[in-house]
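Quick notes on the structure that follows.
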Amino acid sequence: MNGSSPQHFLRISPVIQPTGRKMSLSPMWTGMILLGSLNNNLRNSAPVLSKIPLQFDFQAKKFQGKWYVIGLAGRNINTESLRHYKMYATMYQLQADHSYRVISNLIKGESCDIGLRTFVPKGQPGQFALDNFKAYGVTKYVFRVVKTNYDEFAILFFLSVKKSKVNFMASLYGRTKELRSEPKEKFIEFAQALGLSDEFLLFLHKDDIPSSTVYSPPWLPLPSPSPSLSICC
Numbered sequence: 013m014n015g016s017s018p019q020h021f022l023r024i025s026p027v028i029q030p031t032g033r034k035m036s037l038s039p040m041w042t043g044m045i046l047l048g049s050l051n052n053n054l055r056n057s058a059p060v061l062s063k064i065p066l067q068f069d070f071q072a073k074k075f076q077g078k079w080y081v082i083g084l085a086g087r088n089i090n091t092e093s094l095r096h097y098k099m100y101a102t103m104y105q106l107q108a109d110h111s112y113r114v115i116s117n118l119i120k121g122e123s124c125d126i127g128l129r130t131f132v133p134k135g136q137p138g139q140f141a142l143d144n145f146k147a148y149g150v151t152k153y154v155f156r157v158v159k160t161n162y163d164e165f166a167i168l169f170f171l172s173v174k175k176s177k178v179n180f181m182a183s184l185y186g187r188t189k190e191l192r193s194e195p196k197e198k199f200i201e202f203a204q205a206l207g208l209s210d211e212f213l214l215f216l217h218k219d220d221i222p223s224s225t226v227y228s229p230p231w232l233p234l235p236s237p238s239p240s241l242s243i244c245c
């Protein structure tokens, strides 16, 4: 790989299909966006970042560590076109300046490479922005920790702006590859609150972290991995 040019992580596939049922929104999400116009307005646009819930009293030290990416939801996520998506691991390492060094594994055949990014605190606790974002070809890239209990699951919201195009995605993290149904239902509910139907929601195949490819948002190229890092599986 060319170390100076950003590279895309590749793809992943569903293991658990969304239920197809409509879930009533709990109080956890009702303050998020104007629900009366939510579905109509968000079908072709991104939600306002300030309206997205933020984990109360976010604890950066408790959030750090290894997470498995279990679910994805977004306009660029499609259950019909992304059949080869599988679960992958990502590591959040808290730094002295309160930023996160985020390491995601990229498995290619028998080898495992690493993608590295840095996210710095931005605004309220629990919200972070991509450092050196211009190198990635984006004008804005932020994420919010929407909900987490730190030792089991986390729901994150990502927002990216590239060439005036706004994209968003939600991710469901787990400390292990298995999650109870309740966090998954919360994630489905959150995706629906964002105006996303089942076709834009995936739960990822968990067997042994794939031997082929892994995923990162298709609208965020990643720099070439560093050969000195190793956290696969």
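Mind the numbering: the sequence shown is residues 13 to 245 in the working numbering, read in order.
Ideal Cβ positions, reconstructed from N, Cα and C, are used throughout, including at glycine.
Simplified DSSP state of Gly121, which is helix, strand or coil: Position 109 of the sequence shown holds residue 121. The predicted model places Gly121 with a pLDDT of 47, which falls under 50 and marks its position as unreliable, so this point remains unresolved.
Cβ pair count under 8 Å reaching 3, the region 154-172 against the region 58-67: yes
Burial state of Thr188, where buried means 16 or more other Cβ atoms lie within 10 Å: For the purposes of this step, residue 188 is identified with residue 176 of the sequence shown, where counting begins at 1. Exposed, by the Cβ-count rule.
Residue range of the unbroken alpha helix (DSSP H) whose run includes Gln204: As a first step, residue 204 is located in the sequence shown; it is residue number 192 there, counting from the start. Looking at the DSSP string, the run of the alpha helix (DSSP H) that includes Gln204 is Ser193 to Ala205.
Inter-stretch contact at 8 Å, needing at least 3 Cβ pairs: the region 163-181 / the region 137-154: yes
Unbroken stretches of the beta strand (DSSP E), 3 residues or longer, contained in the region 101-181: 112-120, 123-133, 139-142, 152-160 and 165-174
Beta bridge counterpart(s) of Ala85 as assigned by DSSP: As a first step, residue 85 must be located in the sequence shown, where it is residue number 73. According to DSSP, Ala85 bridges with Ala182 and Leu213.
Inside the region 60-84 only - alpha helix (DSSP H) runs reaching at least 4 residues: 72-75
Proximity below 9 Å, CB of Ala58 to CB of Leu171: Residue numbering aside, residue 58 sits at position 46 when the sequence shown is read from its first letter. Residue numbering aside, residue 171 sits at position 159 when the sequence shown is read from its first letter. Yes, Cβ-Cβ distance for Ala58 and Leu171 is below 9 Å.
Residues sharing a beta bridge with Lys189, DSSP: In the sequence shown, counting from the first residue as 1, residue 189 sits at position 177. Paired residue(s): none; Lys189 is not in a bridge.
Spatially closest choice to Ala72 from Trp79, Ala141, Tyr104 and Leu61, by CA coordinates: Locating residue 72 in the sequence shown gives position 60, where the first residue counts as 1. Comparing Cα-Cα distances from Ala72 to each of Trp79, Ala141, Tyr104 and Leu61, the minimum goes to Tyr104.
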